[in-house]
Amino acid sequence: MDTEELPLLDALRGLAMLQQEFLRLALFVASEGPVSFEGEKLTCSLGDGQRRTSTFLAMAAGQSFETLLHMAKLRGIPVRDAYPIARSAIESFINASYLLAESDTVAARAIRYIDFAAWRHHNRKFGSGEFSIEVRLDPDPAATLVKEYPEFSGKGKGLWTNLDVPSRIRRVGELAGPRSGSRLLAAYGLIYSVSSEIIHGSPFGASYFYSAHLKGEATAEAFQAATVRHLEEIFIGVLHAGCGYLAAFFGQQNMQAPLNGEEKIFARLLELSTKPSSAFPASARQATEPQNEQ
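Okay, so the sequence shown: first residue is 547 according to this note's numbering, each after it adds one.
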């Protein structure tokens, strides 16, 4: 059996930092213009709407991944807060891939949705029964909705897309290729469901975080070690999503040199994520809480 020199989490962090460099390359090409990479000139050929919407979502996903890189040293209860950030990164990568793979018409609706959602935020009702509140800045929101945002008027039309997340992933696979679709699907399967339970504060979500990976050991040391496993799973999931976006961006535009780089990152990810835990040295245990800054 081949053994690794670094703990799994450290190896995944290193791979994430490399992936972030390829993400920066994609964002630069999309926002700043052509650039040469390993002898190949990279020029963004996406429609303007596709480029705009997918780029700022991918940038947001990349920033969330940077936050996770900083959180990788946490141990214990604070690790729970990595799940919402991972979920945001994964879903942002999925949406960015979907928007760059789809038509400019789909991207145009997403752009229109930004204005609509901003208006709706100040003209809405929330709550239930007597515990309800209405926020209204517009004197006649019903008329404004029909006049200014007709495409979002009507039952079930108030979203930027009517496709659920699995359907968006399917469309990415159909339009940008199975390489991208399969990576995004893996990320979805690894993190999406359990992160929902944790984000929404469900009993299972709390139980899963506190008890998963403990193997019957009820000690503080075992719990800290178990939270390292949570972090490993999170990094594996987000790395899959990042690879999915890069495969969609570079593959959709026939950028072969960076696409080859993405393939190498993904091959290394598979190698790391399929080895038994005995192939890696143990991760160093860090403080359970970050130090307070004065």
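Ideal Cβ positions, reconstructed from N, Cα and C, are used throughout, including at glycine.
Checklist line | Bounding residues of the beta strand (DSSP E) (the contiguous stretch that carries L588) | finding: Start at 1 with the first residue of the sequence shown, and residue 588 comes out as number 42. That run of the beta strand (DSSP E) goes 586 to 588.
Next item on the list: Compute the beta-carbon to beta-carbon distance between A604 and L573, rounded to the nearest angstrom, for a pair I have assumed lies under 8 angstroms.
Entry: As a position in the sequence shown, residue 604 is number 58, starting the count at 1. As a position in the sequence shown, residue 573 is number 27, starting the count at 1. Going by Cβ atoms, the distance from A604 to L573 rounds to 6 angstroms, so yes, they are a contact pair.
Notebook entry, point to check: Helix, strand or coil: how does DSSP classify F583 here?
Noted result: One-based indexing of the sequence shown puts residue 583 at position 37. In the structure shown, F583 sits in a strand (DSSP, three-state: E or B).
Check: Where A752 and H776 are concerned, what is the direct C-alpha to C-alpha distance, given to the nearest angstrom?
Finding: The sequence position of residue 752 within the sequence shown is 206, counting from 1. The sequence position of residue 776 within the sequence shown is 230, counting from 1. In a straight line, the C-alpha of A752 is about 13 angstroms away from that of H776.
Next item on the list: For my contact list, R570 and I640 are in at a C-beta cut-off of 8 angstroms; report their separation, rounded to the angstrom.
Entry: The sequence position of residue 570 within the sequence shown is 24, counting from 1. The sequence position of residue 640 within the sequence shown is 94, counting from 1. About 20 angstroms; that fails the 8 angstroms criterion.
Note to self: Can you tell me whether F826 is helix, strand or coil according to DSSP?
What the structure shows: Here residue 826 corresponds to residue number 280 of the sequence shown, with the count starting at 1. If DSSP states are grouped into helix, strand and coil, F826 belongs with coil.
Item checked: Ranges of the alpha helix (DSSP H) found wholly within the stretch 738 to 820, counting only runs of at least 4 -> Complete alpha helix (DSSP H) runs here, min 4: 739 to 745, 749 to 757, 766 to 798, 802 to 819.
Next item on the list: Just confirm the distance between the C-beta atoms of A825 and D548, as a whole number of angstroms; I'd bet it's less than 8 angstroms.
Entry: Within the sequence shown, numbered from 1, the residue matching residue 825 stands at position 279. Within the sequence shown, numbered from 1, the residue matching residue 548 stands at position 2. Right, the Cβ-Cβ distance comes to about 7 angstroms (below 8 angstroms), so this counts as a contact.
Check: Is it true that the stretch 648 to 665 meets the stretch 744 to 759, where meeting means three or more beta-carbon pairs spaced less than 8 angstroms apart?
Finding: no
Item checked: Segment contact, 8 angstroms Cβ cut-off, at least three pairs: the stretch 676 to 691 with the stretch 622 to 639 -> no
Checklist line | Through-space distance from A607 to S513, alpha-carbon basis | finding: Residue 513 falls outside the range modelled here, since the chain spans only 547 to 840, and no answer is possible.
Next item on the list: State the beta-bridge partners of I679 as determined by DSSP.
Entry: In the sequence shown, counting from the first residue as 1, residue 679 sits at position 133. According to DSSP, which records beta bridges pairwise, I679 is partnered with F672.
Margin query: Please state whether the Cβ-Cβ distance between S600 and A635 is less than 7 angstroms.
Written below: Working through the sequence shown from its first residue, we reach residue 600 at position 54. Working through the sequence shown from its first residue, we reach residue 635 at position 89. No; because the gap between Cβ atoms is not below 7 angstroms, this pair is not in contact.
Notebook entry, point to check: Assuming Q596 and L645 make a contact with CB atoms under 8 angstroms, what is their CB distance in whole Å?
Noted result: Within the sequence shown, residue 596 is the residue found at index 50, counting from 1. Within the sequence shown, residue 645 is the residue found at index 99, counting from 1. With a contact defined as Cβ atoms closer than 8 angstroms, Q596 and L645 qualify at about 6 angstroms.
Margin query: Which residue marks the beginning of the alpha helix (DSSP H) containing G702, and which one marks its end?
Written below: Against the sequence shown, residue 702 aligns to sequence position 156. Segment: none, G702 is in no alpha helix (DSSP H) and carries neither H nor E.
Note to self: Using a Cβ distance threshold of 8 angstroms, determine whether the stretch 794 to 810 contacts the stretch 656 to 674, with at least three qualifying pairs required.
What the structure shows: no
Note to self: Please identify the residue among S823, S829, L792 whose C-alpha is closest to the C-alpha of I811.
What the structure shows: Along the sequence shown, one-based indexing puts residue 811 at 265. When each option's Cα is compared against that of I811, the closest is L792.
Checklist line | Boundaries of the alpha helix (DSSP H) in which I715 is found, first to last residue | finding: By 1-based counting over the sequence shown, the position of residue 715 is 169. 711 to 722 is the span of the alpha helix (DSSP H), which, as asked, contains I715.
Next item on the list: Give the straight-line distance between the Cα atoms of P624 and G788, rounded to the nearest whole angstrom.
Entry: Along the sequence shown, one-based indexing puts residue 624 at 78. Along the sequence shown, one-based indexing puts residue 788 at 242. Looking at the two C-alpha atoms, the distance is approximately 24 angstroms.
Notebook entry, point to check: Taking the alpha helix (DSSP H) that D594 falls in, what are its first and last residues?
Noted result: Here the question's residue 594 lines up with position 48 in the sequence shown. Taken as a continuous stretch (DSSP letters only), the alpha helix (DSSP H) holding D594 covers 594 to 617.
Notebook entry, point to check: Three-state secondary structure (DSSP) at E694?
Noted result: Counting from 1 along the sequence shown, the entry for residue 694 is found at position 148. Correct three-state label for E694: helix.
Next item on the list: Would you kindly work out how many angstroms separate the C-alpha atoms of E551 and P827, rounded to a whole number?
Entry: Here residue 551 refers to the residue found at position 5 of the sequence shown. Here residue 827 refers to the residue found at position 281 of the sequence shown. For E551 and P827, the distance between alpha carbons rounds to 7 angstroms.
Next item on the list: If I'm right that G719 touches G727 with Cβ under 8 angstroms, what's the distance once you round it to whole angstroms?
Entry: Numbered from its first residue, the sequence shown carries residue 719 at position 173. Numbered from its first residue, the sequence shown carries residue 727 at position 181. Confirmed, about 2 angstroms.
Margin query: Mapping the DSSP letters down to three states, classify G560 as helix, strand or coil.
Written below: For the purposes of this step, residue 560 is taken as the residue at position 14 of the sequence shown. Helix, per DSSP.
Next item on the list: Could you check what DSSP says for D686 in three-state terms: helix, strand or coil?
Entry: Translated into positions along the sequence shown, residue 686 becomes position 140. Coil.
Next item on the list: Since I believe S582 is in contact with Q799 (beta carbons under 8 angstroms), could you give me their beta-carbon distance rounded to a whole number of angstroms?
Entry: Within the sequence shown, numbered from 1, the residue matching residue 799 stands at position 253. Within the sequence shown, numbered from 1, the residue matching residue 582 stands at position 36. Not a contact, Cβ separation roughly 15 angstroms.
Checklist line | For E778 and L588, believed in contact at Cβ under 8 angstroms, the rounded distance | finding: Numbered from 1 along the sequence shown, position 42 holds the residue referred to as residue 588. Numbered from 1 along the sequence shown, position 232 holds the residue referred to as residue 778. The pair is not a contact, with the Cβ atoms about 33 angstroms apart (cut-off 8 angstroms).
Checklist line | Close Cβ partners of G723 (< 6 angstroms) along its chain, the five nearest in sequence each way excluded | finding: Position 177 of the sequence shown, counting from 1, holds the residue named residue 723. Counting only Cβ-Cβ distances below 6 angstroms, and skipping sequence neighbours, we find G797.
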